[in-house]
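Enquirer:
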Amino acid sequence: MPMIPDMTQDMTPDTAAKPTVPSLETLDRLAAIVGEKYAIRDADAIEPYLVERRDRFRGASPLVLRPADTQQVSQILRLANETRTSIVPQGGNTGLVGGQIPFDQGSEVVLSLGRLNKVRRVDGLDNTLTAEAGCILHDIHSAADGVDRLFPLRLASEGTCQIGGNIATNAGGTGVLAYGNTRDLVLGLEVVLADGRIWNGLSSLRKDNTGYDLKHLFVGSEGTLGIVTAVTLKLFPKPTDVATAFVGLDDPAQALELLTIANDLSGRRVTAFEFMPKVGLEIVLRHSTTARAPLHDAHPWYILIEMSGGGEDGALRETMATILEQGFERGLVNDATIAESEAQSQGLWHLRTEMSETQRHEGGSIKHDISVPVSKVPAFVAAARQAVEQLVPGCRPVPFGHLGDGNVHFNITQPVGADKTDFLGRWEEVSAAVHAIVADFNGSISAEHGIGRMKRDLMPMIKDPVELALMRVVKREFDPNGILNPGKVLPAED
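Using my numbering, you'd call the opening residue of the sequence shown number 12 and step up by one each time.
1) Determine the direct distance from the alpha carbon of residue 281 to that of residue 56, and round the result to whole angstroms.
2) Enumerate in chain order the residues of its own chain whose CB-to-CB distance from residue 334 is below 6 Å, with the five nearest sequence positions on each side excluded.
3) Is it the case that the region 58-74 contacts the region 214-223, given that we only count it when at least three CB pairs across the two stretches are under 8 Å?
4) Please report how far the alpha carbon of residue 455 lies from the alpha carbon of residue 392, in whole angstroms.
5) Leaving out five residues before and five after residue 38 in sequence, what residues of the same chain have Cβ atoms less than 7 Å from its Cβ?
6) Look at residue 188 and residue 164 and say whether their C-beta atoms are less than 8 Å apart.
7) Mind listing, in chain order, the continuous alpha helix (DSSP H) runs of no fewer than 4 residues lying wholly within the region 88-166?
8) DSSP three-state call for residue 245: helix, strand or coil?
9) If I follow the unbroken beta strand (DSSP E) through residue 211, where does it start and stop?
10) Across which residues does DSSP place residue 377 in a beta bridge pair?
11) When you compare each of 69, 87, 132 to residue 108 by their alpha carbons, which one comes out closest?
12) According to DSSP, which residues form a beta bridge with residue 312?
13) Rounded to whole angstroms, what is the Cα-Cα separation between residue 389 and residue 158?
14) Please report the distance separating the alpha-carbon of residue 329 from that of residue 232.
15) Given that a residue counts as buried once 16 or more other Cβ atoms are within 10 Å of its Cβ, and exposed if not, what is residue 253?
16) Can you list, in chain order, the residues of its chain with a C-beta nearer than 7 Å to that of residue 162? Leave out the 5 residues immediately preceding and following it.
17) Can you tell me whether residue 211 is buried or exposed, with buried defined as 16 or more other CB within 10 angstroms of its CB?
18) Which of helix, strand or coil does DSSP assign to residue 388?
19) Of the choices 116, 450, 121, 102, whose alpha-carbon is the least far from that of residue 143?
20) Hey, quick one: how far does the beta strand (DSSP E) through residue 411 stretch, first residue to last?
21) Below 6 Å CB to CB, which residues in the same chain sit around residue 403 once its five sequence neighbours on both sides are set aside?
22) Taking the alpha-carbon positions, what's the residue 464 to residue 493 distance?
23) Quick one: what's residue 319 bridged to in DSSP?
24) Compute the beta-carbon to beta-carbon distance between residue 361 and residue 304, rounded to the nearest angstrom, for a pair I have assumed lies under 8 Å.
25) Here's the rule: buried if 16 or more other CB atoms are within 10 angstroms of the residue's CB, otherwise exposed. What is residue 138?
26) Buried or exposed: residue 48, going by 16 or more other Cβ atoms within 10 Å of its Cβ?
27) Quick check: the region 117-136 against the region 477-486, are at least 3 beta-carbon pairs closer than 8 Å?
28) Short of 6 Å in beta carbon distance, which residues of its chain neighbour residue 177, apart from the five on each side in sequence? Order them along the chain.
29) Quick check: residue 313 and residue 258, are their CB atoms within less than 8 Å of each other?
30) Buried or exposed: where does residue 19 fall if 16 or more other Cβ atoms within 10 Å of its Cβ makes it buried?
31) Does DSSP put residue 480 in a helix, in a strand, or in coil?
32) Please report the distance separating the alpha-carbon of residue 434 from that of residue 426.
33) Exposed or buried, what is residue 67 when buried is set at 16 or more other beta-carbons lying within 10 Å of its beta-carbon?
34) What is the DSSP secondary structure of residue 341, counted as helix, strand or coil?
35) Using DSSP with H/G/I as helix, E/B as strand and the rest coil, what is residue 403?
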C-alpha cells in the first residue's frame with residue numbers, strides 16, 4: 012500500500028519537550044533492565060513495531076524494550092527520565108491514528124507491553140477482573156467467561172489488541188450503547204509515571220468519593236501522562252437471552268425512529284444498533300467468501316439490531332418481532348430477518364464486522380472516525396456525502412457504524428477505476444471538508460480511535476483554548492521532561 016500524504020508525517024515531536032538522541036551507553040543500560048533477549052536492536056526484528064496496520068505512519072527506533080513486569084517498566088522510565096530519552100509505549104499495535112508509532116528521527120525507544128499479559132484476579136461475586144496491560148482483549152473475554160461473566164468491550168481487533176492500548180485510546184466498539192466506552196468499564200489502574208514512580212490505584216470500589224478521580228486522566232491519554240501496567244475492570248452478568256435482527260430501510264432518519272420503538276418496547280435492552288449503506292453491504296458480499304445476503308432484495312440502508320437481557324430464552328425474540336411489526340406498520344421497515352440461532356446471529360454480525368476490512372479490495376479508502384449528536388446523524392451523513400461527492404466525483408461514501416451512540420465511520424472509497432495513489436493524495440482535502448461539517452454539528456473528530464499523530468493539529472479546531480491550556484498544564488505536571496510519547500495528542504504550542 013502506498014504511503015498516504017499527511018501533514019503531520021514529517022513533524023518533529025512537541026517542541027515543548029527536549030528529548031535527546033540516546034547514547035549507546037544509555038541504550039545499553041536500558042537493554043540491561045529487560046535483558047538482551049527482550050531488547051530488540053536488529054532492524055528487521057524492529058520493523059513490525061515501526062509501522063501501523065494501514066501503513067499510514069512509519070517511524071524509526073534504535074531499540075524496542077519488552078519488559079516482564081511493572082518493576083521493569085518503572086526502572087526503564089526512571090532511567091529514561093534521567094537521560095531525557097523519549098519513550099513510545101505500544102500495545103498490540105492496532106491503533107489507527109499513529110499514537111503508538113515513533114517519529115522517523117530514530118531518537119525514540121519503543122516500550123512494548125506484550126509480556127505483561129497476566130490476568131491477576133477474577134471475581135464473579137465482585138464482578139471485577141484485574142489484568143495486566145498486555146493482556147489481549149480476547150483473553151480477557153475468556154477469563155470473564157470462566158466465571159460466567161461478561162466483559163462487554165467488543166472490537167474487530169480483539170484477537171490482537173491489548174487492554175492497555177484500549178485504555179490508552181478509550182476504545183469504543185459495538186457495545187457502547189449499553190455499556191459505555193472503555194472509560195466506563197474501568198474501576199482502577201496501576202500506572203508508572205514519567206519519573207518511574209508507581210501509582211497503585213487498582214481499586215475495585217464502585218463508589219469512592221475521596222477527591223480527584225485520577226484514573227480518568229490516564230484513560231484516553233495515549234501514554235502521554237503515564238504508562239498503564241494493569242487495570243481493574245467491571246464485569247457484568249452474561250445475558251441469558253439474545254435476539255439479533257437485520258433490517259432493510261430507506262434512510263437513517265427512519266432508523267432513529269425504529270431505535271426509539273426498540274428502546275420503548277424492550278425496556279432499553281438494545282445493546283447494539285449498527286447502520287450501514289447499500290454500497291457497504293455490496294462490498295462485503297463481493298469480497299467476503301463467507302458472507303451471505305441477509306434479505307431477498309437490496310435496500311438503501313441497513314440496520315443490525317441486537318437486544319440482550321437476563322430473561323427467559325426466546326422472550327426477546329418475541330419482543331424483536333413486535334418491534335419490527337410496528338416498524339412495518341409505520342412505514343419505517345421495508346424488510347427484516349431475525350436470527351433463528353447463534354450461527355445465524357454470527358452471520359449477521361459478520362456483515363457488520365467486515366464492513367471496514369473489505370473496503371481495501373475496492374482500492375483507496377479515506378477514513379474518518381467522528382461523532383455527532385444521535386439526532387443529527389442523518390443530517391450529517393447527507394451533508395458529508397454531498398460535500399465529498401462534489402470534491403471527488405464518482406467517489407463512493409460508505410458511512411457506517413454505531414448509530415445508537417452517534418459514532419459514524421465516514422469512509423470514502425475511491426471511484427471505480429481511479430488511480431489509488433492520486434485518490435489517497437487528496438486525504439487532507441477531503442478530511443478537511445468532512446471535519447468542517449462535524450464542527451458545524453458540534454461533533455467530535457475522534458469518537459473512539461484517539462488523536463495520536465493523525466489528529467493532533469486538528470485539536471484547536473474542536474477544543475476551547477482554555478481546555479487545551481489545561482491539558483498542557485496537566486502534561487507538564489505529569490511529564491515535565493517531555494519523555495512520554497512526545498508529539499502525540501497535544502499540538503505544539505505557538
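Ideal Cβ positions, reconstructed from N, Cα and C, are used throughout, including at glycine.
Expert: If we stick to the structure as given:
1) Sequence index remark: in the sequence shown, residue 56 carries index 45 (1-based). Sequence index remark: in the sequence shown, residue 281 carries index 270 (1-based). The alpha-carbon separation between residue 56 and residue 281 amounts to approximately 45 Å.
2) Numbered from its first residue, the sequence shown carries residue 334 at position 323. Around residue 334, the same chain offers 272, 273, 276 as residues with beta carbons nearer than 6 Å, after the five sequence neighbours per side are excluded.
3) No: fewer than three Cβ pairs fall under 8 Å.
4) Numbered from 1 along the sequence shown, position 444 holds the residue referred to as residue 455. Numbered from 1 along the sequence shown, position 381 holds the residue referred to as residue 392. Spanning the two alpha carbons is a distance of roughly 14 Å.
5) In the sequence shown, residue 38 corresponds to position 27, counting from 1. In its chain, beyond the 5 residues on either side, 73, 74 have a beta carbon closer than 7 Å to the beta carbon of residue 38.
6) On the sequence shown, position 177 is the one that residue 188 refers to. On the sequence shown, position 153 is the one that residue 164 refers to. For the pair residue 188 and residue 164, the CB atoms are not nearer than the 8 Å cut-off.
7) The region 88-166 is shown to contain whole alpha helix (DSSP H) runs of 4 or more residues at 148-156, in chain order.
8) As a position in the sequence shown, residue 245 is number 234, starting the count at 1. Of the three classes helix, strand and coil, the one that applies to residue 245 here is strand, per DSSP.
9) One-based indexing of the sequence shown puts residue 211 at position 200. Looking at the DSSP string, the run of the beta strand (DSSP E) that includes residue 211 is 209-212.
10) As a first step, residue 377 is located in the sequence shown; it is residue number 366 there, counting from the start. According to DSSP, residue 377 bridges with 423.
11) Taking the first residue of the sequence shown as 1, we reach residue 108 at position 97. Closest by alpha carbon: 69.
12) Translated into the one-based positions of the sequence shown, residue 312 becomes position 301. When DSSP reads this structure, residue 312 sits in a beta bridge with 260, 288.
13) If you number the sequence shown from 1, residue 389 lands on position 378. If you number the sequence shown from 1, residue 158 lands on position 147. Going from the Cα of residue 389 to the Cα of residue 158 covers about 41 Å.
14) Here residue 329 corresponds to residue number 318 of the sequence shown, with the count starting at 1. Here residue 232 corresponds to residue number 221 of the sequence shown, with the count starting at 1. Taking the straight line joining both Cα atoms gives about 43 Å.
15) For the purposes of this step, residue 253 is taken as residue 242 along the sequence shown, with counting starting at 1. That one is buried.
16) As a first step, residue 162 must be located in the sequence shown, where it is residue number 151. So the list reads 140, 151, 152, 155, 244, 246, once near-sequence residues are dropped.
17) Walking along the sequence shown from the start, residue 211 turns up at place 200. Result: exposed.
18) Counting from one through the sequence shown, the residue named residue 388 turns up at place 377. It is helical.
19) In the sequence shown, the residue the question calls residue 143 occupies position 132. Per the Cα distances, 102.
20) Numbered from its first residue, the sequence shown carries residue 411 at position 400. 407-413 is the span of the beta strand (DSSP E), which, as asked, contains residue 411.
21) Numbered from 1 along the sequence shown, position 392 holds the residue referred to as residue 403. So no residue of the chain qualifies.
22) By one-based count along the sequence shown, residue 464 stands at place 453. By one-based count along the sequence shown, residue 493 stands at place 482. C-alpha separation (whole angstroms): 16 Å.
23) Here residue 319 corresponds to residue number 308 of the sequence shown, with the count starting at 1. In the DSSP output, where bridge partners are listed per residue, residue 319 has 253.
24) On the sequence shown, residue 361 is found 350 positions in, with the first residue counted as 1. On the sequence shown, residue 304 is found 293 positions in, with the first residue counted as 1. So it is not a contact: roughly 12 Å between Cβ atoms.
25) For the purposes of this step, residue 138 is taken as the residue at position 127 of the sequence shown. Buried: at least 16 other Cβ atoms inside 10 Å.
26) Taking the first residue of the sequence shown as position 1, residue 48 is located at position 37. Exposed.
27) No, the region 477-486 is not in contact with the region 117-136.
28) Indexing the sequence shown from 1 puts residue 177 at position 166. Closer than 6 Å at Cβ, skipping near neighbours: 193.
29) Walking along the sequence shown from the start, residue 313 turns up at place 302. Walking along the sequence shown from the start, residue 258 turns up at place 247. Their beta carbons are under 8 Å apart, which means residue 313 touches residue 258 by this criterion.
30) Taking the first residue of the sequence shown as position 1, residue 19 is located at position 8. Note that residue 19 scores a pLDDT of 38, beneath 50, so its modelled location is shaky; the value from the coordinates is reported in the next line. Counting every other CB atom within 10 Å of its CB across the protein chains shown gives residue 19 a total of 16 or more, marking it as buried.
31) Translated into the one-based positions of the sequence shown, residue 480 becomes position 469. The three-state secondary structure of residue 480, taken from DSSP, is helix.
32) Within the sequence shown, numbered from 1, the residue matching residue 434 stands at position 423. Within the sequence shown, numbered from 1, the residue matching residue 426 stands at position 415. If you draw a straight line from the Cα of residue 434 to the Cα of residue 426, it comes to about 8 Å.
33) If you number the sequence shown from 1, residue 67 lands on position 56. Burial call: buried.
34) Locating residue 341 in the sequence shown gives position 330, counting from the first residue. Three-state DSSP puts residue 341 in coil, outside helix and strand.
35) Numbered from 1 along the sequence shown, position 392 holds the residue referred to as residue 403. Correct three-state label for residue 403: coil.
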